[in-house]
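Undergrad:
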Amino acid sequence: MSTAPEVRAVERQGIDVIAESDRKGRPRGLFWPWFAANVSVLGLSYGSFVLGFGISLAQATIVSVVGVAFSFLLCGIVAIAGKRGSAPTMVLSRAAFGVRGNRLPSFLSWVLTVGWETALASLAVLATSTVFRELGWDDGVVTKLVALVVVAALVVGAGIAGFDVIMRLQTVITVVTAVLTVVYVVLAVPSIDLGTLGALPSGSAQNVLGALVLVMTGFGLGWVNAAADYSRYLPRTASTGGVVWWTTFGGALAPAVLVVVGVLLAGSSKDLNSAIGADPIGALTTILPVWFLVPFALVAILGLVGGAVLDIYSSGLALLSAGVRIPRPVAAGVDGVFMVAGAVYVVFFAKDFISPFQAFLVTLGVPIAAWAGVFVADVLLRRRAYADAELDDVRGRYGDVRWAAIGLVVLGTVLGWGLVTNTYGVPAWLNWQGYLLEPFGLGGRQGAWAYANLGVLVALVVGFVGTLLTARGSVRRQEQA
Numbered sequence: 008m009s010t011a012p013e014v015r016a017v018e019r020q021g022i023d024v025i026a027e028s029d030r031k032g033r034p035r036g037l038f039w040p041w042f043a044a045n046v047s048v049l050g051l052s053y054g055s056f057v058l059g060f061g062i063s064l065a066q067a068t069i070v071s072v073v074g075v076a077f078s079f080l081l082c083g084i085v086a087i088a089g090k091r092g093s094a095p096t097m098v099l100s101r102a103a104f105g106v107r108g109n110r111l112p113s114f115l116s117w118v119l120t121v122g123w124e125t126a127l128a129s130l131a132v133l134a135t136s137t138v139f140r141e142l143g144w145d146d147g148v149v150t151k152l153v154a155l156v157v158v159a160a161l162v163v164g165a166g167i168a169g170f171d172v173i174m175r176l177q178t179v180i181t182v183v184t185a186v187l188t189v190v191y192v193v194l195a196v197p198s199i200d201l202g203t204l205g206a207l208p209s210g211s212a213q214n215v216l217g218a219l220v221l222v223m224t225g226f227g228l229g230w231v232n233a234a235a236d237y238s239r240y241l242p243r244t245a246s247t248g249g250v251v252w253w254t255t256f257g258g259a260l261a262p263a264v265l266v267v268v269g270v271l272l273a274g275s276s277k278d279l280n281s282a283i284g285a286d287p288i289g290a291l292t293t294i295l296p297v298w299f300l301v302p303f304a305l306v307a308i309l310g311l312v313g314g315a316v317l318d319i320y321s322s323g324l325a326l327l328s329a330g331v332r333i334p335r336p337v338a339a340g341v342d343g344v345f346m347v348a349g350a351v352y353v354v355f356f357a358k359d360f361i362s363p364f365q366a367f368l369v370t371l372g373v374p375i376a377a378w379a380g381v382f383v384a385d386v387l388l389r390r391r392a393y394a395d396a397e398l399d400d401v402r403g404r405y406g407d408v409r410w411a412a413i414g415l416v417v418l419g420t421v422l423g424w425g426l427v428t429n430t431y432g433v434p435a436w437l438n439w440q441g442y443l444l445e446p447f448g449l450g451g452r453q454g455a456w457a458y459a460n461l462g463v464l465v466a467l468v469v470g471f472v473g474t475l476l477t478a479r480g481s482v483r484r485q486e487q488a
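Our numbering puts the first residue of the sequence shown at 8, with every later residue one more than the last.
Listed below in structure tokens is the structure:
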């Protein structure tokens, strides 16, 4: 995708279909944005989150690799739709939900992506503050405010600029962060204690499942609603297998390695493991030599910015797909305001990072998993390109509201929320979750299944299987119209 003849300062393209003259590149170009967005050292902190379920080294390693790979495979399948339809993910989703019926999943997608960009921006600010403290510099309010302004300027600026600038920015971020992350891992290796790791007790099947779902929601399921936003610029003749492979490989490569390394580090030190809950990125500096603190700050911030840039671009597209009629650059700016407001709360008022973050992942992970199940099944059922002009026409082949698909998302969400709780304790207003654990004989909110996050998998399966069973005929009629 790096063969563009011209770099536009600000992309004017909104949610409309990409013109033939603007489609360019090869599937392998998808590696750069996906790798850059996921090479963040935040992946190391997930090692601590995984071990929080009380599982062994072997269990944590398997959960990390399988969870990352499978969740990004879902992204790879969704990316096929971008090549076929040359439109953003949440516009192509109209084929499954109807033109106006798709506003519900579009709104959910917007909330998810704004939440993620807020989390990443918050982490970048917290990491900067911690590095300043480790260097003996002022790490107070002023430092955090300046860091927030810089991070917000980078993220919002790239989001407003659009596709061409983002693709080139992500290439630079990929190279810099990959090299510095490797250096960090080399420096951190002496902190690994194999004896301590070997003594970690094995967890139950429920604990393993809970850790698996956490990894899935933290990685691929957090991106699945944006997975076609970059493949939409490819020519329709591009290899379908290549689109799936390069999206999956680019997204999963770094996290699969980093989470396992994070397991090794967090499992070797109880102090590091507990510190990560309050400051997932900054805590990682405690095992570094002073001379690498500034390079570490660079790799941490760039990695987090790389992820937030993709999020703000996709959140702007989701906002437009939900029916808000403003130019795409303005939508990115609006999302930037929400991002800054959320980051201010997390950085200056929240007691820790992990509690609101875990609540966010679990609560939104359920409906997004249900939507992903529907859309992935819909993509797999299709054999032809989308009818571009009819994606905006309520009287066209895709219809106005497709109640069956909406019903599957609602059913998956109702079942899913009834089968999840929060490992770290949720805010009081989310205490209603887990209401089906007792009726289904799973031990209630304090039982063995309470923290298995079973609801996310149930929502995914409901959406996927339900669509395979009910939508095959309608998809064939759409493609024959």
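Backbone N, C-alpha and C fix where the C-beta goes; we use that ideal spot for every residue, glycine too. For clarity, every value in this text was computed on a predicted model and none was experimentally measured.
Could you have a look at residue 44 and say whether DSSP puts it in helix, strand or coil?
TA: It is helical.
Undergrad: DSSP three-state call for residue 471: helix, strand or coil?
TA: Of the three classes helix, strand and coil, the one that applies to residue 471 here is helix, per DSSP.
Undergrad: To the nearest angstrom, report how far apart residue 357 and residue 402 are at their CA atoms.
TA: Answer to the nearest angstrom: the Cα atoms are 48 Å apart.
Undergrad: What's the call for residue 348, buried or exposed, on a 16-neighbour Cβ count within 10 Å?
TA: Exposed, by the Cβ-count rule.
Undergrad: Rounded to a whole number of angstroms, what is the C-alpha to C-alpha distance between residue 123 and residue 79?
TA: Distance between the alpha carbons of residue 123 and residue 79 is about 16 Å.
Undergrad: Sort 234, 241, 268, 295 by Cα distance to residue 257 and report the nearest one.
TA: Measuring from the Cα of residue 257, the nearest candidate turns out to be 234.
Undergrad: Count the CB pairs spanning the segment 383 to 390 and the segment 144 to 154 that are closer than 8 Å, and state whether there are at least three.
TA: The segment 383 to 390 is not in contact with the segment 144 to 154.
Undergrad: Quick one: grab the DSSP three-state call for residue 438.
TA: Coil, per DSSP.
Undergrad: Closer than 7 Å by C-beta to residue 68: which residues in its own chain qualify, once you throw out the five before and the five after it? Chain order, please.
TA: Counting only Cβ-Cβ distances below 7 Å, and skipping sequence neighbours, we find 267, 270.
Undergrad: Between the C-alpha atoms of residue 287 and residue 52, what's the straight-line distance to the nearest angstrom?
TA: In a straight line, the C-alpha of residue 287 is about 6 Å away from that of residue 52.
Undergrad: Rounded to whole angstroms, what's the CA-CA distance from residue 7 to residue 199? Just pull it up for me.
TA: Since the first and last residues shown for the chain are 8 and 488, residue 7 lies out of range.
Undergrad: In the structure shown, what three-state DSSP assignment does residue 406 receive?
TA: Residue 406: coil per DSSP, three-state reduction.
Undergrad: Around the C-beta of residue 436, are 16 or more other C-beta atoms found within 10 angstroms, so that it is buried, or is it exposed?
TA: With fewer than 16 Cβ atoms within 10 Å of its Cβ, residue 436 is classed as exposed.
Undergrad: Hey, could you find the ends of the alpha helix (DSSP H) residue 219 is sitting in?
TA: First-last of the alpha helix (DSSP H) with residue 219: 212 to 225.
Undergrad: State the DSSP-derived secondary structure class of residue 90, mapped to helix, strand or coil.
TA: In the structure shown, residue 90 sits in a helix (DSSP, three-state: H, G or I).
Undergrad: What ranges does the alpha helix (DSSP H) occupy inside the segment 156 to 199, keeping only unbroken runs of at least 4 residues that lie completely in it?
TA: Segments of the alpha helix (DSSP H) lying fully in the segment 156 to 199: 170 to 195.
Undergrad: Looking at the unbroken alpha helix (DSSP H) that takes in residue 256, where does it start and where does it end?
TA: Residue 256 -> alpha helix (DSSP H) spans 247 to 275.
Undergrad: Near residue 304, which residues of its chain fall below 7 Å by C-beta distance, leaving aside the five closest residues on each side in sequence?
TA: Same-chain partners within the cutoff: 134, 135, 138.
Undergrad: If I'm right that residue 412 touches residue 77 with Cβ under 8 Å, what's the distance once you round it to whole angstroms?
TA: That pair is no contact at about 23 Å.
Undergrad: Compute the Euclidean distance between the alpha carbons of residue 282 and residue 290, then round it to the nearest angstrom.
TA: Roughly 6 Å between the two C-alpha positions.
Undergrad: With a 10 Å radius around its C-beta and 16 neighbouring C-beta atoms as the bar for buried, classify residue 209 as buried or exposed.
TA: Residue 209 is exposed by the Cβ-count criterion.
Undergrad: Contact defined as beta carbons within less than 8 Å: I believe residue 478 pairs with residue 385. What is the distance between those atoms, to the nearest angstrom?
TA: Yes, they are in contact, since the Cβ atoms of residue 478 and residue 385 sit about 6 Å apart, within 8 Å.
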